[in-house]
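**Q** Quick mapping for you: the protein sequence lines, in order, are chains D and S. So in this note's numbering, spot 210 of the first sequence is number 210, and the numbers just go up one at a time. All you need for this note's numbering is the position in the second sequence, starting with 1, plus 1000. What follows is a single structure, and I will ask about it in a moment.
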Amino acid sequence: MLARINSYALNGLEGYGVGVEVDIHAGLPGFDVVGLPDTAIKESRERVRSAVKNSGFDFTPRKITVNLAPAYTKKEGPIFDLAIAIGLLASTEQAGVDEHRKPLPTIGEYVFLGELSLSGAVTRINGVMPMLISAREHGVKKIVIPYANACEAMYIRGVEVYAVKTLRDAVKIINGDAPAPIKTCDVLPNAYGVVAEDLKYVKGQYSAKRALEIAAAGGHNIITIGSPGGGKTMLAKCLPGILPDMTESEILETTKIHSVAGILDERYGIVTERPFRSPHHTTSRIALTGGGSSARPGEISYAHNGVLFLDELPEYPRNALEILRQPLEDGVITVSRAARTVEYPANFMLVASMNPCPCGFYGSATHECTCTPSQRGKYMSRISGPLLDRIDLHIEVDEVNYGDLTSDVEAESSADVKARVDAARKLQTARYAGTPVHSNAKMTSEMIKTHCSLDPAGEKIMQSAFDKLGMSARAYTRILKVARTIADLDGSASVGAKHVAEAVMYRSLDKAVK
Amino acid sequence: MLLSDLYLWLSQSRLRTSKINRLLDKLSPQRLWDGFADEGRYLLDEKTFNALKRTRNVDYIENVKRYLEANHIRYVTRADPVYPTALAQSEVDPPPVLYYRGDLDVTRNPCLAVVGTRRASQYGKYFAQNAVSELARSFTIVSGLATGIDGYAHTAALSVGGDTVAVLGSGLFNPTPVSNLGLFDDICRKGLAVSEYPPDVHATEYTFPERNRIISGLCKGVLIVEAAERSGSLITARCALEQGRDVFAVPGDIDKQRSVGANNLLKQGAIPVTCAADVTEFYGMRPPEKRAPQTLALDFAQEQVLALLKDGDKSFDGLAETCGMTVSELNTALSTLMIYGLVRERSKNLYCISK
């Protein structure tokens, strides 16, 4: 007899329905899966066989054929295990039939997702949240998922989700003995507390801390340059603590990506704080942007709505850095492979750190630099102009002296800074309402013209800064954007001379180029 | 045969200048050419003889002249009256021919060599940029086109419209380092680039010390800005002493490797220089007129930062803790002062009053 069970699969972040057809017919005993399955699915035959047997059902050798429709898309992962097992039980009339051995109509109402263990337990799978969202859009009403994924499903309204622990629980559901669906609840930013360093433990470094505040307020990309041991990494790790709260749509977007990638925290099942990704500099190009034959998302997508921290920027392979240019501009990355083309969101804030030269002590007052000018030039040239062009704030971080380390002066806490950042962001949200832009960093040239017009005093100081400090032309719009954010932090509607003057301080690389 | 062509012959033979000059002590160029076959064979060793014989050809010399002209390279020989007079003394070991691009007349003004380490610190860079831009009003600045101090000195001279001379350690077709090629082109257009080597000669480790004698030879004095204990700049200083030129040195930190050489020179009696006027007054020139200091209206915060910096150099953190302003106010004040040119960043994150 033929049984057809509904399931779901993912193409990038979009789910699509997959029909799992199981047929038992005459022939030599065998178990075949067709419909472009990958290795994990082919292996599911063994898992299903054991799970069925160990759940107390009958598995007499028969000729079994499983088809995953549509047959032309490549299916991946073990998420069809549960659907195949249910289909097998239904076609052998062990489940989903009434007392007259007639199939129950319930079987077509549900979508089954889940991996099976040999014992018959249903185990955790990746990508539940995007599949639920797509299924809801496609009009699916009832979905069965593994119990371990239950917390991801809590935030999806408008669809009944049933969490099962074992194959027997799933069988109970199609036999018409369904438990209550999962209760939904609201999404709350920072529901589980932010795990970040607190700015109050950073001694000294006032200028750098101020720059971080500006970067967080305007969503600006930032690079810290300094000798080893200056606290560049520590400063970057403080950033999540002062970033503005995520909005509900941001939370769902980021959670979808993390769900697909399988990096969600099992306890929470949702990303409520801005992600902070720090891939090591041995990271490959593909790992950074996403790709592979299945076009998976990469680190820059994991960092969507959050921070991508690249420590020791010049150590990254040049080709890995150059591909950041387009996502930095557009906020999305299109991963194209022979099998599929997927667009992943990648709207991240780039935070980078680097040494001023290979030995790390160029320009230091206490150590002597041992690098030759050509070594230094080579080191700096590993970061291309176009990439540097997309970084608004450059700050220099110096070694901390002993007195600062041991001083008892309590610095401002992250919470205080965050309050100011939130206020500045609110101004920006109001200003850019109705446009795709959310923060000052993403302003278009036209917006710069309308929102960053300088008063005569500001114009004059900008002029002198260019003459005196040898700024490059590309620095001009960057300074305007940063000055706009400084004015926002100041609560000022217009950009004045003092805002420009402060913004000029954060262009150290432009000055160094001269 | 013209005397200048004979010198060109000697230069094109690619023999070392010292060897040519030793030869010329014994024979005049004309006699060397005329009596090459008989007298020369007894006087010269085989290598020298072959080198001279290879180029002893009137057509060859004419070809060389056409080649130089086609490549816009001019030359001046010791037979010409425009040959820089300062070079013509025997202590300098004057090259028979100088190949140059640019304007040879700039060497007629008083010249001052400014040389120093290739690994210049912020301190050396500051001095080279500031003092040299003042000195360039009174002197033609001569240096060696190297990175570091040499490059800063050339750039500073050009930036104020002064004259500058680059003495290369290679032929004019192969200026080094590559990073200063842009500067080299500027100097060819606005100043003078000169070399004793035929244009297609590549630099070797011997050519640089050799050309240092020309740097000092062209000048009244040599100013060493920063030099390590064993530095090419010290060779220039030694040449200057042998040639009877004045040696000036800029004192540096006693604990820095790159100032040891300059400080040693001071101990041995070089003239200490802390500002451009030290040099101009030494030669009894009127110091270049300083522009009247601008009167700027500073606000309270800026005055306060200036007052704090008058007590000594301070880091940003040091200022932030003592000034009692918010970081943002301090940033604004400091930035404005730097734009006005009243404060500069001495080394990374260390601010001081600029004079």
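The beta carbon of each residue, even a glycine, is placed where N, CA and C say it ideally should be.
1. Are the CB atoms of Tyr-476 (chain D) and Ala-211 (chain D) within a distance shorter than 7 Å?
2. Whole angstroms are fine: how far does the CA of Tyr-8 (chain D) sit from the CA of Thr-65 (chain D)?
3. Starting from Pro-130 (chain D), trace the alpha helix (DSSP H) in both directions and tell me its first and last residue.
4. Would you call the CB atoms of Tyr-110 (chain D) and Lys-75 (chain D) closer than 7 Å?
5. Assuming Ser-1354 (chain S) contacts Gly-1341 (chain S) under a Cβ cut-off of 8 Å, what Cβ separation, rounded to an integer in Å, is found between them?
6. Quick check on this structure: which residue in D:Tyr-316, D:Leu-324, D:Ser-50 and D:Asn-11 has the alpha carbon closest to the alpha carbon of His-280 (chain D)?
7. Under 9 Å between beta-carbons, which chain S residues line up against Gln-205 (chain D)? List them in chain order, please.
8. List, in order along the chain, the chain S residues whose C-beta lies closer than 9 Å to that of Ala-493 (chain D)?
9. For Ser-1347 (chain S), is the classification buried or exposed, using 16 other Cβ atoms within 10 angstroms of its Cβ as the cut-off for buried?
10. Please state whether DSSP places Lys-102 (chain D) in a helix, a strand or coil.
11. Is it buried or exposed for Asn-319 (chain D), if we count other Cβ within 10 angstroms and need 16 for buried?
12. Looking at chain S, is there any beta carbon in it that lies within less than 7 Å of the beta carbon of Ser-464 (chain D)?
13. Taking the straight line between their C-alpha atoms, what separation do you get for Ala-1136 (chain S) and Pro-1084 (chain S)?
14. If we cut at 7 Å on Cβ distances, does Pro-358 (chain D) have a partner in chain S?
15. Contact criterion: CB-CB distance below 7 Å. Does Val-504 (chain D) meet it with respect to chain S?
16. Indicate the three-state DSSP secondary structure (helix, strand or coil) for Cys-1188 (chain S) in the structure shown.
17. Consult DSSP for Asn-221 (chain D) and reduce its assignment to one of helix, strand or coil.
18. Could you spell out the range, first to last residue, of the alpha helix (DSSP H) harbouring Glu-343 (chain D)?
19. Thinking C-alpha only, which one of D:Leu-328, D:Thr-429 and D:Val-260 is nearest Asp-389 (chain D)?
20. Excluding the 5 residues flanking Leu-1334 (chain S) on each side, which residues of the same chain have their C-beta closer than 8 Å to its C-beta?
21. Which residues in chain D have a C-beta closer than 8 Å to the C-beta of Ser-1328 (chain S)? List them in chain order.
22. Over the uninterrupted alpha helix (DSSP H) stretch that includes Gly-292 (chain D), give me the two end residues.
23. Identify whether Lys-528 (chain D) lies in helix, strand or coil by the three-state DSSP scheme.
24. In the DSSP assignment, the alpha helix (DSSP H) including Met-234 (chain D) goes from what residue to what residue?
25. Given 6 Å as the limit, tell me if Thr-39 (chain D) has its C-beta closer than that to any heavy atom belonging to the ligand COA.
26. Does the CB of Thr-1332 (chain S) have a neighbour CB from chain D at under 7 Å?
27. I need the DSSP call for Thr-166 (chain D), collapsed to helix, strand or coil.
28. If distances are taken between C-alpha atoms only, which option among D:Leu-427, D:Ala-208 and D:Ala-338 comes closest to Val-400 (chain D)?
29. Given this structure, state the Cα-to-Cα distance separating Tyr-155 (chain D) from Pro-456 (chain D), to the nearest angstrom.
30. Hey, is Gly-434 (chain D)'s beta-carbon within less than 7 Å of any beta-carbon in chain S?
31. Flag this pair as touching only if the segment 479 to 499 of chain D and the segment 450 to 469 of chain D have three or more C-beta atom pairs under 8 Å; answer yes or no.
32. What residue range does the beta strand (DSSP E) around Met-447 (chain D) cover?
33. Starting from Phe-1049 (chain S), trace the beta strand (DSSP E) in both directions and tell me its first and last residue.
34. From what residue to what residue does the alpha helix (DSSP H) around Asn-1063 (chain S) run?
35. Within 10 angstroms of its Cβ, does Arg-1268 (chain S) collect 16 or more other Cβ (buried), or is it exposed?
36. Taking 7 Å as the limit between beta carbons, can you name the residues of its chain near Asn-1021 (chain S), skipping five residues before and five after?
**A** By the coordinates alone:
1. no
2. 19 Å
3. 128 to 137
4. no
5. 6 Å
6. D:Tyr-316
7. Phe-1316 and Asp-1317
8. Those do not exist, as Ala-493 (chain D) stays about 17 Å from chain S at its closest Cβ, beyond 9 Å.
9. buried
10. coil
11. exposed
12. yes
13. 19 Å
14. no
15. yes
16. helix
17. coil
18. Here Glu-343 (chain D) belongs to no alpha helix (DSSP H); instead the beta strand (DSSP E) covers 341 to 345.
19. D:Leu-328
20. Val-1305, Phe-1316, Leu-1319, Val-1343 and Tyr-1351
21. Arg-210, Ile-486, Leu-489, Asp-490 and Glu-502
22. Segment: none, Gly-292 (chain D) is in no alpha helix (DSSP H) and carries neither H nor E.
23. There is simply no residue 528 (chain D) to check, as chain D begins at 1 and stops at 514 in what is shown.
24. 232 to 242
25. In the structure on display, the ligand COA does not appear, and there are no ligands present to speak of.
26. yes
27. strand
28. D:Ala-208
29. 52 Å
30. no
31. yes
32. Counting along the chain, Met-447 (chain D) falls outside any beta strand (DSSP E), though it belongs to the alpha helix (DSSP H) covering 445 to 451.
33. Taken as a continuous stretch (DSSP letters only), Phe-1049 (chain S) belongs to no beta strand (DSSP E), being part of the alpha helix (DSSP H) at 1046 to 1055.
34. 1058 to 1070
35. Residue identity check: residue 1268 (chain S) is Gln in the sequence provided, not Arg. Exposed, by the Cβ-count rule.
36. Asp-1093
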